[in-house]
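Trainee: Right, I'll just put the structure down here and ask away after.
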């Protein structure tokens, strides 16, 4: 997965400790009560995330490379295995929110125990083992960053279902909410040709990005900016949610059944639309990118607008040609947890995950890793759609233009949004 | 509901403070995490019980009798109303376990706030108001005692579903588990006649016990002891769970579908049967009364044994004739939370609620109270069966022979057991 | 179940052939397509009723008493056993409507085959066997009459769910619909006393009517007429369906969830209320008894009216004292399949089954028969309410004042109605 | 959709009458009872298919082009519209099997009525209207052929769920079952290159095949024969259904939950595996292609075999290069309704639909037609997988190498099978 280069173990360890700490910083404002509930099956309790990411290092690193390692607790494998059949049976996903024990305090101790053992391991590991362990260790770091994003979106969902609408963080200042004048969107052009898709080069990527291969693309035009709340509101006001002809059949049925009439978290109040955020209920910022919409809504919006979504291949080529600047988007580290207006920026990376009209399928020559880690990505390659570009809850160091995220087309609790292409 | 007698307000207040404190003592061993989860819809999170019992005094006493009372929090009525349509809308029962906020600490402050205001109220209330308030206040005390029992059974259920099988309390000592030799069960006889059923006299009772009326009973014989675990095990070993002919149709279907093969909480281990208790996993005490069985199982057992369950009318008359001694049964105050063997005692009161073969229906001339408290009991008089006698989780001062408890025939998480009558 | 009297076998056989024929007469207007569908789980396809009633005689009579009897088809036991575990496994109830085969024609041949063999059996049976067989044979006749009523109500339901609203029978003539002036309802009085409840005497009854026993009744007053559509309409117009305070909790929840706002089959049209009948869509006859209401609605109506329902014991005593005339009610044989206004008649028998506020429980000393027929009634004695008096779909010769019918409190597709008692 | 060429109306009408007749020939062995049931939601009652295909011509041809056309029945639009929101509301899909009326006889009259009016229309239509109507009329013919395939698979499913396992057709003769020796499978090779995918040329195709576009393919090898029952049995015997590592996550969960252990319709008997067919229960022919498997099973089999499924693009190019001979496969007209062994034939067309590992997505520049027919294909482009090649239930004149069929990955009741590619 990663060519072995000369390793500076100190750097690696320090990255480990930094990422591990970042996870805990995210959870610091939570009360113990916040960390156990699961108001819907897609959401996991924060306590579970804190433990599961530690279980990953314990299972795939410490148990393998730390001599005579003793697990922190014999039952944690059963409790905190997510979906690895290879590693044994586990708590049903939908029951994660019924487990009051182990208490949060124990989980923090578990984290410290794992961190300490990893530190000790690094102090004495030989180069051979380090080389062998490296890719899995790197995967553990990336995995923990993925769970940082899920922590943000799961915590948001948990608090949003509470009638008290609690704000986890202080309200944003006026200037943070200040809305800008956006220039008219323009269309960027990509020429027809045979392009290489997929990850190449020595840096880390997930197995689902490998298998670089050629794809023919016809020329296309795509927008240099994301669809905004203002634009989306026009769709809503034009009756977009009620008109079947813009929708996929399964999407329209679901929207009717669930009474969808706006993005998730939007609340109509006498003085206009508000939305629930980690900073409490905030007025909808019309210039900000629309988010918390399903693929069905993204597709219906595009149809209403007479446009279409990009394929993941077009997206990747477009993103590479228009050199996205990581600095331009909003990421986890910015602590806003909300996509922002960015006049003059493409926002290809950061802010919102962009739904593509590509199903999540294996690239040619896709191969699952041997053993349990072969279950990481491959077994989910059905019934999901690809999203590209990262979001305001993604760590800045975690994203790249070949990154393939994937969710079922009905999911709305992630920071998901819309980029249009000319039809 | 209660004739007004000369009131000693000091005694009343001290009873209030005692009962309120008892509730908190019960919850003291819980961690904040334990107080928010809801592993099945019948169970409420302990935090909810703590708040709801306070909401009862706030809504029905303080808001009415405390001049210029300010509610502790404007949203608590929505959060902690159980089922009183008269008092407004509320959180869906099945969503109680998704609410992390308000945190446990706030609920303890809520309790203190209510207690203080009640104390102040007592210090200045005039006799007229006191007389008027008295029956509702008494109902609040009884209501809180009912929730003490539910706290015990709900906490037990919550911990039981945890793969760690956590023990809330220290293990019982050998002597507490010591099993005794029970004498052969005998049958007590009641003569045919016209009996008065229902509560009479000045003491407190619930509205569903009122309407004392005559009932003709043929003579009958009933057992002087409860069915034990040993007896129930014989039913299990004789294939009782597999043989439809002992069962009601809906009960057998359910038992098959849910794979019932033993009482709730029983676990087969290589060295015999164990059961989950608040003291951890304990060997089944063969001489103790069987508990945590549904009406369906109680009825099937009785059929298998060639006997029958008592009606609630027979039970009440039998209990009154064989003067149950409150001291003889196990109650909440004993802190065991488990029915005990009691050689030579009828155990009519305490230990386990006894399923009767009487549906929960209104007594003649049953009248619902005016207003919200009319919703207390009457609207549940359908599809449930009557249980009599209290259990090891019932406060000793809360039970009496006319007390009518009721649950749906499939419920198993209460301390429910079996008393037989001759067929 | 029935004392053996001198038997006139010819009469018995002719009764058999008459009842068997009556079932087929009922089904004659049906098309083959009508006889296979099952639009809800409570309803069985008519083809199934035609077969199941034959299976009953084949299984309990012919296989036992006809020497060397060959079953008509080896798989029919699996297909047409309703719920007798003793007789083996069977098609799931909810799958009855998926079975296109055997075709209707085969079922008529099955019926003829069973009829012929019964005729032959009667021509040669000896007195000993006849005496032994008699009670079961009588049960078979009564059983077939019960299915005649179910055929009427199931056919009605099947046609009612069809968007074409097909009328099985010609529309009623004007005179049949002519509405009369009803006198003001009066209240009949019954004195307090110890009454005998349950069937006595030599005639046939079901096992659930046996065990005659004494019941003390306080004096009570009950209406000499059924609640009419006009009266029920007042309840509807007074917002009765929207006001929780008249309702049992489970009933109100269900009514809200299912959007109940009128009896089953009622349809609001620009010129008033209509209802679906076997004669097509007909205007609601305001003077006729209300029907197709659940127990929940009957109870809510009674509460709204400041009255109550009778218990089954009060009903039985009242019916016996006010000597109902079988001629006065509408029965199956009248071919109207609709309750009628009957000025000056009590309508205690016929027209509509009257919901009582008694749960369906065993009478004292209730004993199930040995063998499969022990499953006839006893295993359903939970979660259902007793109805008394028969309906316009009950054969006139099938009803009596001790007859106990039973349905779950949410059921509406039977001809069920309301009789009030003074509160 | 189809360039207008000089039209021979007589030929067109005769094709219409032939196809319409073919549908009725298929249904001729059915009893009325067979035509109304719906044992699962994917299946429609045959009566519904017979009516819906007529509704298509009535709605899109006669109502538009036949002057003063009177619909056969005013309610049939509501009853027999499948999913066209543009055409109005309709019976819920899952309720199709509850409709006994209109009877089968009426539907045959409906068909005759439509046929006659179409014949009259053809006798007087002017060239302008004919040109305009032509593409929709052709779509109606193709649509009816699609329902012929569904009739075969739905009838098969309906009969299969019947405990009598009725055979619609006479058993196959020995020679039809005779099993052959298959040569070793070989792999056919396709060179890398830029290929054109999608339909070109003047002949009919569906809108989802249009938008011919270039696709780059790496070179690949694919099998010249379908996976046989024998091969699939090896997978079963090797524990393939129990080993998660071959499966997609959602597929394995479903297989476990539904207890899948063999293809749909397979039944283990003491002397080996049998399968339900329209000719009754037949021994599994080991040399015949495996069929009635879901995409999940096809993919798991491929993984177990160390191979993979083709993409739809590879399939199309492969099929075009290896010139499939329509004569070589089994089609609807052969009346076998079962895939057959075909030594030396590729079976790319006919026998079984071949699951590809391509999601059903729009081709570039896909455009929905204006109006109701825009709902024909486009709104289903989510959550389904593409199948190619037709089956033994497909009319021979209906298939071509660009034809894109699509089903959800869990569906098994179609004639679906497996073709492997080298990994």
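Residue numbers (full-length UniProt numbering), protein chains in the order written: chain Y, 1 to 423; chain U, 1 to 423; chain P, 1 to 423; chain C, 1 to 423. We treat Cβ as the ideally placed atom computed from N, Cα and C, and that holds for glycine.
Report yes if the C-beta distance between residue 149 of chain P and residue 356 of chain P is below 8 Å; otherwise report no.
Mentor: Taking 8 Å as the Cβ cut-off, residue 149 of chain P and residue 356 of chain P do not qualify as a contacting pair.
Trainee: Counting Cβ pairs, one atom from each stretch, are 3 or more of them under 8 Å apart for the segment 12-28 of chain U and the segment 244-262 of chain Y?
Mentor: No, because fewer than three Cβ pairs between the segment 12-28 of chain U and the segment 244-262 of chain Y fall closer than 8 Å, the two stretches do not touch.
Trainee: Near residue 360 of chain C, which residues of its chain fall below 6 Å by C-beta distance, leaving aside the five closest residues on each side in sequence?
Mentor: So the list reads 381, 384, 386 and 406, once near-sequence residues are dropped.
Trainee: Using DSSP with H/G/I as helix, E/B as strand and the rest coil, what is residue 23 of chain U?
Mentor: Residue state, collapsed to three classes: helix.
Trainee: Leaving out five residues before and five after residue 2 of chain Y in sequence, what residues of the same chain have Cβ atoms less than 8 Å from its Cβ?
Mentor: Confidence at residue 2 of chain Y is low in this model, with a pLDDT of 40, below 50, so the placement of that residue is unreliable and no value is reported for it.
Trainee: Closer than 9 Å, Cβ to any Cβ of chain P: which residues of the segment 98-128 of chain C, in chain order?
Mentor: Going along the segment 98-128 of chain C in chain order, one finds 98, 99, 100, 101, 102, 103, 104 and 105 with a Cβ nearer than 9 Å to chain P.
Trainee: Could you pull out every unbroken alpha helix (DSSP H) segment of at least 4 residues lying fully inside the segment 48-131 of chain Y, listed in chain order?
Mentor: Within the segment 48-131 of chain Y, the complete alpha helix (DSSP H) runs of at least 4 residues are 76-80 and 104-124.
Trainee: If distances are taken between C-alpha atoms only, which option among Y:277, Y:108, Y:400 and Y:66 comes closest to residue 124 of chain Y?
Mentor: Residue Y:66 is the option with its Cα nearest to residue 124 of chain Y.
Trainee: Exposed or buried, residue 200 of chain P, counting other C-beta atoms within 10 Å across all chains shown (16 or more means buried)?
Mentor: By the 10 Å Cβ count, residue 200 of chain P comes out exposed.
Trainee: Taking the alpha-carbon positions, what's the residue 169 of chain P to residue 87 of chain C distance?
Mentor: If I take the Cα positions, the gap works out to 33 Å.
Trainee: Just reading off the alpha helix (DSSP H) that residue 313 of chain P is part of, what are its end residues?
Mentor: Residues 312-321.
Trainee: So residue 307 of chain P packs on residue 422 of chain P, CB below 8 Å; how close in whole Å?
Mentor: Indeed they touch by this definition, with Cβ atoms about 6 Å apart.
Trainee: Starting from the beta carbon of residue 37 of chain P, find every residue of chain C whose beta carbon is closer than 8 Å, and list them in chain order.
Mentor: Neighbours of residue 37 of chain P on chain C, chain order: 36, 37, 97, 98, 99 and 100.
Trainee: Locate the alpha helix (DSSP H) running through residue 302 of chain U, then write down its first and last residues.
Mentor: Counting along the chain, the alpha helix (DSSP H) containing residue 302 of chain U begins and ends at 295-304.
Trainee: Can you list the residues of chain B that residue 75 of chain Y reaches, using a CB-CB cut of under 9 Å?
Mentor: No chain B is part of this structure, whose protein chains are labelled Y, U, P and C.
Trainee: Tell me which residue opens and which closes the beta strand (DSSP E) that residue 354 of chain Y is part of.
Mentor: Segment 353-359, the beta strand (DSSP E) holding residue 354 of chain Y.
Trainee: Relative to the C-alpha of residue 186 of chain C, which candidate in C:38, C:417 and C:346 has its C-alpha closest?
Mentor: Out of C:38, C:417 and C:346, C:346 has the C-alpha closest to the C-alpha of residue 186 of chain C.
Trainee: Quick one: Cα of residue 6 of chain U to Cα of residue 389 of chain P, how far?
Mentor: Caution applies to residue 6 of chain U, whose pLDDT of 44 falls short of 50 and renders its modelled position unreliable; the value that the coordinates give is listed next. Going from the Cα of residue 6 of chain U to the Cα of residue 389 of chain P covers about 53 Å.
Trainee: So, for residue 424 of chain U: in the same chain, excluding its five sequence neighbours on each side, which residues have a beta-carbon less than 7 Å away from its beta-carbon?
Mentor: Residue 424 of chain U lies beyond the stretch modelled for chain U, which goes from 1 to 423, so this question has no answer here.
Trainee: State the Cα-Cα distance for the pair residue 55 of chain P and residue 180 of chain C, rounded to the nearest angstrom.
Mentor: Each residue's Cα considered, the two are about 47 Å apart.
Trainee: Please confirm whether residue 379 of chain C has its beta-carbon closer than 8 Å to some beta-carbon of chain Y.
Mentor: Yes, residue 379 of chain C counts as interfacial toward chain Y.
Trainee: Kindly indicate the opening and closing residues of the beta strand (DSSP E) around residue 269 of chain U.
Mentor: Residue 269 of chain U -> beta strand (DSSP E) spans 266-269.
Trainee: Report the option in Y:299, Y:227, Y:49 and Y:329 whose CA atom is closest to the CA atom of residue 396 of chain Y.
Mentor: Residue 396 of chain Y has its Cα closest to that of Y:329, out of Y:299, Y:227, Y:49 and Y:329.
Trainee: Taking buried to mean at least 16 other C-beta atoms within 10 Å of its own C-beta, is residue 33 of chain P buried or exposed?
Mentor: That one is buried.
Trainee: Hey, out of P:378, P:419, P:391 and P:64, whose CA is closest to residue 84 of chain P's CA?
Mentor: Closest option to residue 84 of chain P, Cα to Cα, is P:378.
Trainee: Taking DSSP's pairing of strands, which residues face residue 405 of chain C in a bridge?
Mentor: According to DSSP, which records beta bridges pairwise, residue 405 of chain C is partnered with C:387.
Trainee: Report the rounded CA-to-CA distance for residue 145 of chain Y versus residue 12 of chain Y, giving the unit in angstroms.
Mentor: Distance between the alpha carbons of residue 145 of chain Y and residue 12 of chain Y is about 15 Å.
Trainee: At which residues does the alpha helix (DSSP H) containing residue 249 of chain Y begin and terminate?
Mentor: 249-257 is the extent of the alpha helix (DSSP H) around residue 249 of chain Y.
Trainee: Would you call the CB atoms of residue 225 of chain P and residue 319 of chain P closer than 8 Å?
Mentor: No.
Trainee: Following the continuous beta strand (DSSP E) through residue 415 of chain C, name the residue where it begins and the one where it ends.
Mentor: Counting along the chain, residue 415 of chain C falls outside any beta strand (DSSP E), and DSSP gives it neither H nor E.
Trainee: Counting only the same chain and skipping the five closest in sequence on each side, list residues whose C-beta sits under 7 Å from that of residue 4 of chain Y.
Mentor: Any answer about residue 4 of chain Y is weak, because its pLDDT of 43 lies below 50 and its placement is not dependable; what the coordinates show is given next. Taken in chain order, the residues that qualify are 131 and 134.
Trainee: By a C-beta neighbour count over all protein chains shown, 10 Å radius and 16 as the cutoff for buried, is residue 257 of chain P buried or exposed?
Mentor: Label assigned to residue 257 of chain P: exposed.
Trainee: Exposed or buried, which one is residue 17 of chain U when buried takes at least 16 other CB atoms within 10 Å?
Mentor: Result: exposed.
Trainee: Less than 8 Å between CB atoms is the rule here; does residue 71 of chain P satisfy it with respect to chain C?
Mentor: Answer no: the Cβ-Cβ gap between residue 71 of chain P and chain C never drops below 8 Å.
Trainee: By Cβ distance, which residues of its chain are closer than 8 Å to residue 427 of chain U, with the 5 residues on each side in sequence left out?
Mentor: In the structure displayed, chain U extends from 1 to 423; residue 427 of chain U sits before or after that span and is not available.
Trainee: Identify which residue in P:337, P:416 and P:163 has its Cα closest to the Cα of residue 75 of chain C.
Mentor: For residue 75 of chain C, the nearest C-alpha among the options comes from P:163.
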